[in-house]
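Participant:
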Amino acid sequence: MEFIAQHPVLVVSLVKIVVLLFLVLTTLAYLSWFERKVVAHIQSRWGPYYVGAHGLLQPLADGMKFLFKEDLTPPGADRLIFVLAPMLALTLAITTLALIPFGPATITILGHPTQLVIANVDIGLLFLFAITSIGVYGVALAGWSSNSKYPLLGSLRSSAQMISYEVSLTLSVVGVLLVSGSLNFNEIIGRQSGAFWHWNIIHAGRGIFPQIIGFLCYITAAIAETNRVPFDLPEGETELVAGFHTEYSSFKFAMFFMAEYGNMITVSCLATILFFGGWLSPFPESWKWTQYLPAAGLLLLGIYLGYDTAMQMRGIARIQLAVVTLLVLGLGFLCLLPSLEPIIQGPFWFLTKVALFLFFYVWTRGTLPRFRYDQLMSFGWKLLLPVALLNLVITSLWIVYPMLVRHG
Amino acid sequence: MNLPLILFFVFALIAVVGALLLILAREPIHSALALILVMVALAALYLMLGAEFIAAVQIIVYAGAIMVLFVFVIMLLNAGVEERTDWSKMAKFAGLPLGIFFLLELAHWLARSAVGATPASGSSGPITAVSTRELCVQLFRTYLFPYEATSILILIAILGAMVLARREE
Amino acid sequence: MSAVPISYFLVLSGVLFGLGVVAFVFKRNIITIFMAIELMLNAVNLAFVAFARAHNQLDGLVFVFFVIVVAAAEAAVGLAIVITLAQNRESLNVERVNLLKF
Numbered sequence: 003m004e005f006i007a008q009h010p011v012l013v014v015s016l017v018k019i020v021v022l023l024f025l026v027l028t029t030l031a032y033l034s035w036f037e038r039k040v041v042a043h044i045q046s047r048w049g050p051y052y053v054g055a056h057g058l059l060q061p062l063a064d065g066m067k068f069l070f071k072e073d074l075t076p077p078g079a080d081r082l083i084f085v086l087a088p089m090l091a092l093t094l095a096i097t098t099l100a101l102i103p104f105g106p107a108t109i110t111i112l113g114h115p116t117q118l119v120i121a122n123v124d125i126g127l128l129f130l131f132a133i134t135s136i137g138v139y140g141v142a143l144a145g146w147s148s149n150s151k152y153p154l155l156g157s158l159r160s161s162a163q164m165i166s167y168e169v170s171l172t173l174s175v176v177g178v179l180l181v182s183g184s185l186n187f188n189e190i191i192g193r194q195s196g197a198f199w200h201w202n203i204i205h206a207g208r209g210i211f212p213q214i215i216g217f218l219c220y221i222t223a224a225i226a227e228t229n230r231v232p233f234d235l236p237e238g239e240t241e242l243v244a245g246f247h248t249e250y251s252s253f254k255f256a257m258f259f260m261a262e263y264g265n266m267i268t269v270s271c272l273a274t275i276l277f278f279g280g281w282l283s284p285f286p287e288s289w290k291w292t293q294y295l296p297a298a299g300l301l302l303l304g305i306y307l308g309y310d311t312a313m314q315m316r317g318i319a320r321i322q323l324a325v326v327t328l329l330v331l332g333l334g335f336l337c338l339l340p341s342l343e344p345i346i347q348g349p350f351w352f353l354t355k356v357a358l359f360l361f362f363y364v365w366t367r368g369t370l371p372r373f374r375y376d377q378l379m380s381f382g383w384k385l386l387l388p389v390a391l392l393n394l395v396i397t398s399l400w401i402v403y404p405m406l407v408r409h410g
Numbered sequence: 058m059n060l061p062l063i064l065f066f067v068f069a070l071i072a073v074v075g076a077l078l079l080i081l082a083r084e085p086i087h088s089a090l091a092l093i094l095v096m097v098a099l100a101a102l103y104l105m106l107g108a109e110f111i112a113a114v115q116i117i118v119y120a121g122a123i124m125v126l127f128v129f130v131i132m133l134l135n136a137g138v139e140e141r142t143d144w145s146k147m148a149k150f151a152g153l154p155l156g157i158f159f160l161l162e163l164a165h166w167l168a169r170s171a172v173g174a175t176p177a178s179g180s181s182g183p184i185t186a187v188s189t190r191e192l193c194v195q196l197f198r199t200y201l202f203p204y205e206a207t208s209i210l211i212l213i214a215i216l217g218a219m220v221l222a223r224r225e226e
Numbered sequence: 122m123s124a125v126p127i128s129y130f131l132v133l134s135g136v137l138f139g140l141g142v143v144a145f146v147f148k149r150n151i152i153t154i155f156m157a158i159e160l161m162l163n164a165v166n167l168a169f170v171a172f173a174r175a176h177n178q179l180d181g182l183v184f185v186f187f188v189i190v191v192a193a194a195e196a197a198v199g200l201a202i203v204i205t206l207a208q209n210r211e212s213l214n215v216e217r218v219n220l221l222k223f
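Residue numbers (this note's numbering), protein chains in the order written: chain A, 3 to 410; chain B, 58 to 226; chain C, 122 to 223.
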């Protein structure tokens, strides 16, 4: 206990890291379930529905499969780099989540008041870009160390794509930086306070150019950066077998899989923070009844799940869904507790917006066809980069114009 | 033994080990990875010295773009294993002790100088980091001309690289 | 909280620079020699940042920014030359590039 008293920041950070890591790994697993379900419904089929009610235990089954598969190393592969690449990819994908603020409230862990963020760094945005820019190595080294043609080609294409779209990604965000005047996430969110028309994407009033172009550039560059459809030629199944992770099996492949979803989550969180107000609620502050929306939403979901439990055919599925129903209802009632109510507001809105972004990601995956590689590169350099630069120039002119007019 | 000193030694050790791996590695790709390790350790040291923007720029530009270029070129040209040479007797028996002696002498005189004894902190207490805003104000006022000159330099480099690497059609 | 004296950082910078020089002199692969140059530039950057902290001025940091930018430009052009050379001479060994005309 003395250790906790002497090093409060360290212990509290460790607790937050453990909680966040647990939540993130669970979310990664269930994101794969979500993607398979949504893509299946877009394609007029059902997706996983057998393993557990509505296929909810499918990620567990997949996890066990990945753990028990044979772990092959291709002959002639560079052992050290072969093992290092997936670890690097996954570590970097999850590390970025340490910078994300989940809410404004101050909670008390082990007797010490802390914020709902692991590392509130002053240069948060820049640091996040630094971590994503090292993420290119996970892909490049994976292809090289596999000692095989298709992975090498896939990894070269994929890394070239990632570094090309990284430039447009950073430029499209600079408009938001000009508007906010700070690289700290909490301050960027603070400047968007009010109702949803004060979010950076619309930003009514205060003489600031709405960042719609910046948002569209950002979301396009982000989809390309995370190697998702329609920009996933380097790992497309019909083109290059499986691209840079062809020769990986079992747990290393699972690590690449999780790293891709981790990057998706990071990019969605960043889009929410920069353009959609982060943990701010879309309703004005004066509407006090909106504080009960999280509880209301969770309770409604619990009631629907209860109805679904009764409609299940199989006994096992009924038991599983009943457990989930009870969990959701329990969470809903927890949100009604007066002590927890202000704390839950921020994370609820943040996670809702991130979930909507993830749904948008999966929706594009089910809908759009793939770009060809030369179309991809020319789009990135010849269209996206000039548009991002144009957004930057217009935003800065919009901000500076009143000053210019005043000084004649 | 306080935390800043321990952190310094950890990162300094990582940097020196990385540099040694750069020299001793047999394949260029391992040398590239060792250099990336050195750069990341140096970025951590910049953070300790309070230069947060420079640490971020080091990782984004140096470790995240320049070294990616190096790794690309190594992968494209398939640079193989390097041949080993035997170092001459002079290098082994006189070079290393002489090098270490010079290093110790340098450390001694640096520690005794006025600059060297300054602790890496403000007058007392932890370092106040240099804010990005201050640095960029300097960059765009006092150093505006070098800034614009480096943009032209980068343009020239882009054109040069494109012309050099183009295959004759 | 007593902190680390600046001389420690300068000695580290000197050590890294020396190791860069050793790598530059003893290595044969042109790409590894380029990487030794980058190591030397990094060591110099560390010295600049240490001195900027010692004198509490920002000019050292601005100079580091420019060194990084110029190193990027130099790496791009240098590696383009290396690629052209490798395609013409089929070898990356600096000792084999000893004829003016192949």
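Here a beta-carbon is modelled for each residue, glycine too, at the ideal position from N, C-alpha and C.
Give the interface partners of M28 (chain B) over in chain A, defined as CB-CB distance under 7 Å, in chain order.
Facilitator: This structure cannot speak to residue 28 (chain B), because chain B is shown only from 58 to 226.
Participant: When you check each C-beta in the region 144-172 of chain C against every C-beta of chain B, which residues fall closer than 8 Å?
Facilitator: A144, F147, K148, R149, N150, I152, T153, F155, M156, A157, E159, L160, N163, N166, L167, V170, A171, F172
Participant: Okay, do the region 290-298 of chain A and the region 188-205 of chain A touch, 3+ Cβ pairs below 8 Å being the bar?
Facilitator: no
Participant: Beta-carbon separation of F68 (chain B) and V125 (chain C) under 8 Å?
Facilitator: no
Participant: Between which residues of its own chain and L102 (chain B) is the CB-CB distance below 8 Å, once the five residues before and five after are set aside?
Facilitator: F65, F68, A69, A72
Participant: Does the beta carbon of Q88 (chain B) come closer than 8 Å to any beta carbon on chain C?
Facilitator: The question names Gln, but residue 88 (chain B) in the sequence shown is Ser. Yes, because at least one Cβ of chain C sits closer than 8 Å to the Cβ of S88 (chain B).
Participant: Do we get a CB-CB distance below 8 Å when we pair L220 (chain C) with the residues of chain B?
Facilitator: no
Participant: Can you tell me whether E211 (chain C) is buried or exposed? The criterion is at least 16 other CB atoms within 10 Å of its CB, across all chains shown.
Facilitator: exposed
Participant: On the DSSP bridge assignment, give the partners of Q117 (chain A) in chain order.
Facilitator: A:T108
Participant: Along chain C, which residues have their Cβ under 7 Å away from the Cβ of M96 (chain B)?
Facilitator: N163
Participant: Quick check: what's the CA-CA separation for S341 (chain A) versus I109 (chain A)?
Facilitator: 10 Å
Participant: Quick check: I116 (chain B) and A100 (chain B), are their CB atoms within less than 8 Å of each other?
Facilitator: yes
Participant: Does the separation of the CB atoms of Y375 (chain A) and R159 (chain A) fall below 8 Å?
Facilitator: Yes, they are a contact pair.
Participant: Pick helix, strand or coil for P126 (chain C), following the three-state DSSP scheme.
Facilitator: strand
Participant: Any beta carbon from chain B within less than 8 Å of V198 (chain C)'s own beta carbon?
Facilitator: Answer yes: the Cβ-Cβ gap between V198 (chain C) and chain B drops below 8 Å somewhere.
Participant: I'd like the span of the alpha helix (DSSP H) that includes Y220 (chain A), first residue to last.
Facilitator: 214-227 is the span of the alpha helix (DSSP H), which, as asked, contains Y220 (chain A).
Participant: Which whole-angstrom value is the C-beta distance of F211 (chain A) and W400 (chain A), which I expect to be below 8 Å?
Facilitator: Confirmed, Cβ separation roughly 4 Å.
Participant: What do you reckon, are the CB atoms on T97 (chain A) and I125 (chain A) nearer than 8 Å?
Facilitator: Going by C-beta atoms, T97 (chain A) is not nearer than 8 Å to I125 (chain A).
Participant: What residues of chain A sit near E109 (chain B), judged by a beta carbon separation below 7 Å?
Facilitator: D124, I125
Participant: In its own chain, which residues sit with a C-beta less than 6 Å from the C-beta of N188 (chain A), not counting the 5 before and 5 after it?
Facilitator: P103.
Participant: At 9 Å on the CB atoms, spell out the chain B contacts of W281 (chain A), in chain order.
Facilitator: Taking a Cβ-Cβ threshold of 9 Å, none of the residues of chain B is close to W281 (chain A); the smallest such distance is about 24 Å.
Participant: Do V319 (chain A) and S170 (chain A) have their C-beta atoms closer together than 8 Å?
Facilitator: First, the residue type needs correcting, since residue 319 (chain A) is Ala and not Val in the sequence shown. S170 (chain A) is positioned such that its CB atom lies no closer than 8 Å to that of A319 (chain A).
Participant: Just to confirm before moving on: does the CB-CB distance between V147 (chain A) and I83 (chain A) stay below 8 Å?
Facilitator: Before going further, note that residue 147 (chain A) is Ser rather than Val in the sequence given. Yes; because the gap between Cβ atoms is below 8 Å, this pair is in contact.
Participant: Please name the residue in A:A31, A:E72, A:G78, A:T75 whose C-alpha comes closest to that of L59 (chain A).
Facilitator: It is A:A31 whose Cα lies nearest to the Cα of L59 (chain A).
Participant: Closer than 7 Å between beta carbons: that is the criterion. Which residues of the region 174-191 of chain C meet it against chain B?
Facilitator: R174, A175, L179, L182, V183, V185, F186, F187, I189, V190, V191
Participant: Which class does N122 (chain A) belong to by DSSP, given the choice of helix, strand or coil?
Facilitator: Assigned with DSSP and collapsed to three states, N122 (chain A) falls in coil, not helix or strand.
Participant: What does S212 (chain C) touch in chain B if you count any residue whose Cβ is under 8 Å from its own?
Facilitator: Near S212 (chain C) there are no residues of chain B at all, since even the closest Cβ is about 10 Å away, more than 8 Å.
Participant: What does F197 (chain B) touch in chain C if you count any residue whose Cβ is under 7 Å from its own?
Facilitator: Those within 7 Å of F197 (chain B) in chain C number zero; the least Cβ separation is about 10 Å.
Participant: Using only the alpha-carbon positions, how far apart do L180 (chain A) and F186 (chain C) sit?
Facilitator: 21 Å
Participant: Hey, L106 (chain B) and R217 (chain C): beta-carbon distance below 8 Å or not?
Facilitator: no
Participant: Determine the closest residue to D64 (chain A) out of A:M260, A:T268, A:T369, A:L99, with distance taken between C-alpha atoms.
Facilitator: A:M260
Participant: Mind the definition here: the region 364-383 of chain A touches the region 37-55 of chain A only if three or more C-beta pairs lie below 8 Å; say whether that holds.
Facilitator: yes
Participant: Taking V203 (chain C) as the query, report the chain B residues whose CB atoms sit under 7 Å from its CB, ordered along the chain.
Facilitator: V130
Participant: Which residues of the region 131-154 of chain A have a Cβ closer than 9 Å to any Cβ of chain B? Give them in chain order.
Facilitator: F131, A132, I133, T134, S135, I136, G137, V138, Y139, A142, L143, G145, W146, S147, L154
Participant: With DSSP run on the structure shown, which of helix, strand or coil describes N149 (chain A)?
Facilitator: The three-state reading of DSSP puts N149 (chain A) in coil, since its state is none of H, G, I, E or B.
Participant: Using the Cα positions of S270 (chain A) and S398 (chain A), report the straight-line distance between them to the nearest angstrom.
Facilitator: 25 Å
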